[in-house]
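K.L.:
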Amino acid sequence: MKLSAFGRKFTADAGITSLMDDLGNALASGDDLIMMGGGNPGHVPQVQERLGQELTRLVADPAAMRRLVGVYDPPQGEKQFIGSLVDLLNREYGWGLRPENVALTNGSQAAFFMLFNMFGGDFGEGHHKHILLPMAPEYIGYADAGIAPGLFKAVRPEISFTDAHEFKYRVDFDAVEVTADTGAICVSRPTNPTGNVVTDEELARLEVLARSHDVPLIVDGAYGTPFPSLLFVDATPHWNEQIVLCLSLSKFGLPAARTGIVIADEKIIRALSGVNAIMNLATGSFGAMLAEPLVRSGEILSLSREVVCPFYQDKMKRAVQVFSEAMGDSCHWYIHKPEGAMFLWLWFPNLPITSLELYQRLKARGVLVVSGHYFFPGLPEDDWRHRHECLRVTYSQDDDQVAEGLRIIADEVQAVWATRS
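Sequential numbering of the sequence shown, starting at 155, is according to my numbering.
Right under this line is the structure:
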């Protein structure tokens, strides 16, 4: 089989492909594995019950059922959902949105593929632009999303130690450089994989940089504000026409519905809708129609703040306690300050083996995690040992399984140090 450059690129090994293969194969095989690798959200009973009520209502309404499964939406997405979302965000935050500022996509991953390749890559006449990631590590799914090679440029963070076994990444603004070759700036908030939340001040400074260079600031809010609000620190919802805000229904509790939301300047939304039409004809209606009544009433915000966020925050606290007790002071280890999302980012300075080797050893013991080296798109491969000393683990699943997995991770790390000391 002979493939084009596009075909070769998107059939090559990629971190996100490896991650999803591991998860899918493990689930399909029925192996008794502890799943701490993927970003699959937990099952929040109150949210699932509420969504079940709305699904029952849709199925019982013949006209709604026809719209749900039998009618193409326009490339911009389901109009009733978009209208309700615009009304909600204007009512809550005074953003002055119009329906022309919102488009839906078949999941956030699709949104970022389109946005990154709209603003980065080949601009003709030998001119290429990059997407600037002002603070690595960043989301594994970005890494291979570019059609053109070398799409990303990333910046190492500043590291501050916030407790005996806790640290936090911060944007190193002295190292952030926006140039004529920068097509857009992108930051996730909270950050997958670390649970870091870019502060309001950091976000404001990034916006100033974007505005002064006339490039968009893309904010990945898949775990963030205003929903699903997986935030354990204060973070102000913020949007204006300099910002491309990307939201999702996945972490609210609808990952299989594949509903991404992009809020941006009207010109960007028109362009995105055009790409949507070519790639997909239309976006799926299921997630939008199921969630629309919750958006219209504002219930999506109250459920996010009062149910979803506490659900994950309680899980986070239990996971940190278990891992801290299992590790003790046996070796050098740190957890990134868990400020949001559903992950612990574990750092083992001077680890005698790479994080990929540690991942393989843990997989052999029945624990699936993700090696940290995948989360540094845009940094030179051998630029920083730190990237090979970290693991991402999720605590979204069953608490007992998570606790057992964390104890196995601690035991394996201690065993590595014992055999190499």
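In this text, a Cβ means the ideal position worked out from N, Cα and C, and glycines have one as well.
(1) Taking Gly-559 as part of the alpha helix (DSSP H), name the residues at either end of that continuous run.
(2) May I ask you to list the residues that DSSP assigns as paired with Leu-455?
(3) Quick one: measure Cβ to Cβ for Phe-530 and Arg-546, integer angstroms, because I've assumed they're closer than 8 angstroms.
(4) Using 8 angstroms as the threshold, is the C-beta distance between Arg-343 and Val-330 below it?
(5) Skipping 5 residues on each side, what residues in its chain have a beta carbon closer than 6 angstroms to that of Pro-492?
(6) By how many angstroms is the C-alpha of Ala-418 removed from the C-alpha of Asp-436?
(7) Given a cut-off of 8 angstroms, decide if Val-309 and Asp-326 are closer than it, judged by their beta-carbon atoms.
(8) What do you reckon, are the CB atoms on Arg-412 and Asn-260 nearer than 8 angstroms?
(9) How far does the alpha helix (DSSP H) with Tyr-226 in it reach, from first residue to last?
(10) If the criterion is Cβ atoms closer than 8 angstroms, does the pair Leu-258 and Leu-444 meet it?
(11) Please state whether DSSP places Thr-210 in a helix, a strand or coil.
(12) Is the beta carbon of Gly-274 closer than 8 angstroms to that of Gly-337?
(13) Taking only three categories from DSSP, how would you classify Asp-241?
(14) Apart from the five residues just before and just after Phe-267, which ones in its own chain have a Cβ nearer than 6 angstroms to its Cβ?
(15) Smallest Cα separation from Glu-558: which of Arg-574, Val-570, Leu-516?
(16) Give a yes or no on whether the C-beta atoms belonging to His-527 and Asn-504 are separated by under 8 angstroms.
(17) On the premise that Ile-489 lies in contact with His-319, defined as a C-beta separation below 8 angstroms, what is that separation, rounded to the nearest angstrom?
(18) Would you call the CB atoms of Trp-571 and Pro-464 closer than 8 angstroms?
(19) Starting from the C-beta of Asp-608, find all residues in its chain whose C-beta is less than 7 angstroms away, skip the five residues before and the five after it, and write them out in chain order.
(20) Under 8 angstroms by Cβ, that's how I've got Val-332 and Met-289 pegged, so tell me the actual separation to the nearest angstrom.
(21) In chain order, what are the residue ranges of uninterrupted beta strand (DSSP E) at least 3 long that sit wholly in the segment 405-435?
(22) For His-282, which of helix, strand or coil comes out of DSSP?
(23) What first and last residue would you give for the alpha helix (DSSP H) that runs through Gly-161?
(24) Who pairs with Val-256 in a beta bridge, going by DSSP?
(25) So, for Lys-233: in the same chain, excluding its five sequence neighbours on each side, which residues have a beta-carbon less than 8 angstroms away from its beta-carbon?
(26) Taking the runs of the beta strand (DSSP E) that are 3 residues or longer, which of them lie wholly in the segment 323-359?
(27) Does DSSP classify Arg-365 as helix, strand or coil?
(28) Less than 8 angstroms between the CB atoms is what I'm expecting for Gly-248 and Phe-386, so what's the real figure, rounded?
(29) Mind checking Met-219: buried by the 16 CB within 10 Å criterion, or exposed?
(30) Leaving out five residues on either side along the sequence, give the residues of the same chain with a beta carbon under 7 angstroms from the beta carbon of Pro-447.
(31) Could you please give the first and the last residue of the uninterrupted alpha helix (DSSP H) stretch that includes Ala-473?
(32) DSSP state of Ile-236, grouped into three classes?
(33) Does DSSP put His-490 in a helix, in a strand, or in coil?
(34) Hey, quick one: how far does the alpha helix (DSSP H) through Lys-307 stretch, first residue to last?
(35) Measure the C-alpha to C-alpha separation of Glu-511 and Val-474 and round it to an integer number of angstroms.
(36) Using DSSP's beta-bridge definition, name the partner residues of Met-189.
P.N.:
Taking the coordinates as given:
(1) 553-574
(2) None; Leu-455 has no bridge partner.
(3) Contact flag wrong, Cβ pair sits at about 12 angstroms.
(4) no
(5) Gly-349, Met-470
(6) Note that residue 436 corresponds to Ala in the displayed sequence, not to Asp. Going from the Cα of Ala-436 to the Cα of Ala-418 covers about 19 angstroms.
(7) yes
(8) yes
(9) It is not in any alpha helix (DSSP H) - Tyr-226 carries neither H nor E in the DSSP assignment.
(10) no
(11) helix
(12) yes
(13) helix
(14) Ala-299
(15) Leu-516
(16) no
(17) 6 angstroms
(18) no
(19) The structure shown does not extend to residue 608, since the chain is modelled only from 155 to 575, so the question has no answer here.
(20) With 8 angstroms as the limit, Val-332 and Met-289 do not qualify as a contact, their Cβ atoms being about 14 angstroms apart.
(21) 414-417
(22) strand
(23) 159-165
(24) Ile-417
(25) Asp-227, Pro-253
(26) 336-342
(27) helix
(28) The Cβ separation is near 26 angstroms, so there is no contact.
(29) exposed
(30) Glu-208
(31) 463-481
(32) helix
(33) strand
(34) Per DSSP, Lys-307 belongs to no alpha helix (DSSP H); it is in the beta strand (DSSP E), 306-308.
(35) 23 angstroms
(36) Leu-522
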